[in-house]
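So the protein sequences, as listed, match chains A and B.
Be aware that the first sequence starts at 1, since it is given in the UniProt record's numbering, and climbs by one per residue.
Be aware that the second sequence starts at 1, since it is given in the UniProt record's numbering, and climbs by one per residue.
There are 2 protein chains.
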Amino acid sequence: MEDSKNDNLAYKLHYLNRLLMLQLNDQIKPEGVSQGQLPVLCCLHDLEGQTQAELCTRIQVEQPTMANTLRRMERDGLIRRIPCEQDKRQSRVYLTDRIRPTVEALQQKRDEVIGKMTGRMSVNDISDFHRLLDSALLALETNNEI
Amino acid sequence: MEDSKNDNLAYKLHYLNRLLMLQLNDQIKPEGVSQGQLPVLCCLHDLEGQTQAELCTRIQVEQPTMANTLRRMERDGLIRRIPCEQDKRQSRVYLTDRIRPTVEALQQKRDEVIGKMTGRMSVNDISDFHRLLDSALLALETNNEI
DNA sequence: GAAAATTACATAGCAGGCTATCTATTGTCA
DNA sequence: TGACAATAGATAGCCTGCTATGTAATTTTC
């Protein structure tokens with residue numbers, strides 16, 4: 001049976017994701033940025049001053065994951081957090097001046113890795129790939145028992 | 001720009017993989033098995049007595065990753081390791097009697113999650129999905145600069 | 001046959017995902 | 001107003017991936 005030899009969608013997706021994240025990491029490492037931090041940089045590049053909770057919602061990770069990511073990013077000088085006056089529980093997150101000018105180049109690096117991945121695909125293939133991923137995402141996001 | 005709003009293949013793949021692994025975990029957790037352990041169980045179900053290095057090659061993870069996974073699986077009573085007489089550096093890995101009879105049911109659980117993911121796809125879609133993942137894998141496995 | 005290279009595996013340390021739980025603040029309502 | 005509920009974020013602890021490095025056994029080479 002093929003599936004027991006790892007020839008199944010779950011294995012392929014998992015392995016492809018690992019390859020992709022490794023190569024993405026390699027591309028953005030020179031700027032001192034890692035794979036998990038890039039979505040936060042992009043999200044803040046769209047709109048600075050978001051709260052941790054807002055970043056969680058947009059990037060779709062759990063709150064403690066974001067808390068850890070932000071801690072590392074602050075440590076590495078990618079973001080700064082400014083406590084909110086009105087609500088002392090929350091902070092607003094901003095890019096540092098050092099990283100702000102490089103975010104678009106980082107997005108380009110990411111797109112190059114995606115380009116390598118889709119190198120042998122036709123335009124139709126790529127739009128099918130998007131469509132199939134969207135369909136799979138929607139199916140898994142739908143909250144009911146299997 | 002759409003890509004800066006996480007509407008890109010890298011983000012989708014990453015997110016889909018996370019959803020898939022979470023739901024796979026939920027399905028196999030009752031048997032005391034987790035997502036990263038399932039490929040090892042399947043691989044040993046095909047052929048018991050493989051070495052750590054052989055498992056690495058088949059499952060395509062780095063050796064320290066496998067070492068850790070095997071340590072947890074031994075701790076949890078999923079495998080046992082028998083030192084090799086001829087070559088004292090290596091051990092051969094076997095399923096425990098407890099887990100051996102359940103491996104096929106676990107594979108079925110995995111296939112159910114995959115089924116949920118592909119629920120709205122046609123047979124053609126699914127074969128396209130395989131083809132596109134294979135193409136992407138091949139492109140990223142090819143070892144040259146972007 | 002001994003030194004050197006290789007191999008098999010273990011360990012340390014990090015990133016980034018998760019759940020569960022804690023603290024402090026804010027909001028609600030009787 | 002004072003108690004309780006809800007919210008924002010931090011922390012602890014786990015898994016699974018990675019790189020770098022260490023150690024013991026084996027193989028190769030001179």
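Just so it is clear, CB atoms sit at the ideal spot from N, CA and C, and this is done for glycine as well.
Since the model is a prediction, treat every value here as computed from it, not as a measurement.
Partner residues on chain A for residue i, Cβ-Cβ distance less than 7 Å
i                    : result
residue 17 (chain B) : 13, 14 and 17
residue 20 (chain B) : 10, 13 and 140
For residue i, the three-state DSSP class (helix, strand or coil)
i                     : result
residue 129 (chain A) : helix
residue 50 (chain A)  : strand
residue 99 (chain B)  : coil
residue 61 (chain B)  : coil
residue 135 (chain A) : helix
residue 40 (chain B)  : helix
residue 33 (chain B)  : coil
residue 80 (chain A)  : strand
residue 18 (chain B)  : helix
residue 71 (chain A)  : helix
residue 89 (chain A)  : coil
With 16 other Cβ atoms within 10 Å as the buried cut-off, status of residue i
i                     : result
residue 37 (chain B)  : buried
residue 155 (chain B) : What the structure shows of chain B is the stretch from 1 to 146, and residue 155 (chain B) is not part of that stretch, so it cannot be assessed.
residue 14 (chain B)  : buried
residue 63 (chain B)  : exposed
residue 101 (chain B) : exposed
residue 47 (chain A)  : exposed
residue 16 (chain A)  : buried
residue 68 (chain B)  : exposed
residue 8 (chain A)   : buried
residue 110 (chain B) : buried
residue 35 (chain A)  : buried
Partner residues on chain B for residue i, Cβ-Cβ distance less than 8 Å
i                   : result
residue 8 (chain A) : 110, 111 and 114
Proximal residues of chain B, C-beta to C-beta of residue i below 9 Å
i                    : result
residue 37 (chain A) : Going along chain B, no residue has its Cβ under 9 Å from residue 37 (chain A), so there is no contact; the nearest lies around 13 Å.
residue 73 (chain A) : Within 9 Å Cβ-Cβ: nothing; residue 73 (chain A) doesn't reach chain B, min ~17 Å.
Contacts of residue i in chain B (Cβ-Cβ under 7 Å)
i                     : result
residue 135 (chain A) : 120 and 121
residue 24 (chain A)  : 10
residue 60 (chain A)  : 15
residue 148 (chain A) : Look at the range of chain A in this structure, 1 to 146, and you will see that residue 148 (chain A) is not part of it.
Option in the options with minimal Cα separation from residue i
i                     : options                       : result
residue 73 (chain B)  : B:92, B:120 and B:41          : B:41
residue 87 (chain B)  : B:39, B:33, B:51 and B:44     : B:51
residue 20 (chain A)  : A:33, A:116 and A:106         : A:116
residue 108 (chain A) : A:53, A:27 and A:59           : A:27
residue 124 (chain B) : A:128, A:121, A:122 and A:123 : A:128
residue 22 (chain B)  : A:56, A:61 and A:48           : A:61
residue 104 (chain B) : B:45, B:33, B:32 and B:24     : B:45
residue 119 (chain B) : A:95, A:24, A:119 and A:138   : A:138
residue 59 (chain B)  : B:68, B:39, B:143 and B:49    : B:39
Cross-chain neighbours of residue i in chain A, by beta carbon under 9 Å
i                     : result
residue 139 (chain B) : 116, 117, 118, 119, 120 and 121
Partners in chain A for residue i, counting only beta-carbon separations shorter than 8 Å
i                     : result
residue 132 (chain B) : 121, 125, 128, 129 and 132
Beta-carbon separation (whole angstroms), residue i vs residue j, contact threshold 8 Å
i                     : j                     : result
residue 133 (chain A) : residue 29 (chain B)  : Actually they are not in contact, since the Cβ atoms of residue 133 (chain A) and residue 29 (chain B) sit about 26 Å apart, beyond 8 Å.
residue 126 (chain A) : residue 10 (chain B)  : With 8 Å as the limit, residue 126 (chain A) and residue 10 (chain B) do not qualify as a contact, their Cβ atoms being about 13 Å apart.
residue 78 (chain B)  : residue 99 (chain B)  : 5 Å
residue 81 (chain A)  : residue 91 (chain A)  : 4 Å
residue 121 (chain A) : residue 135 (chain B) : 6 Å
residue 93 (chain A)  : residue 55 (chain A)  : 7 Å
residue 33 (chain A)  : residue 106 (chain A) : 6 Å
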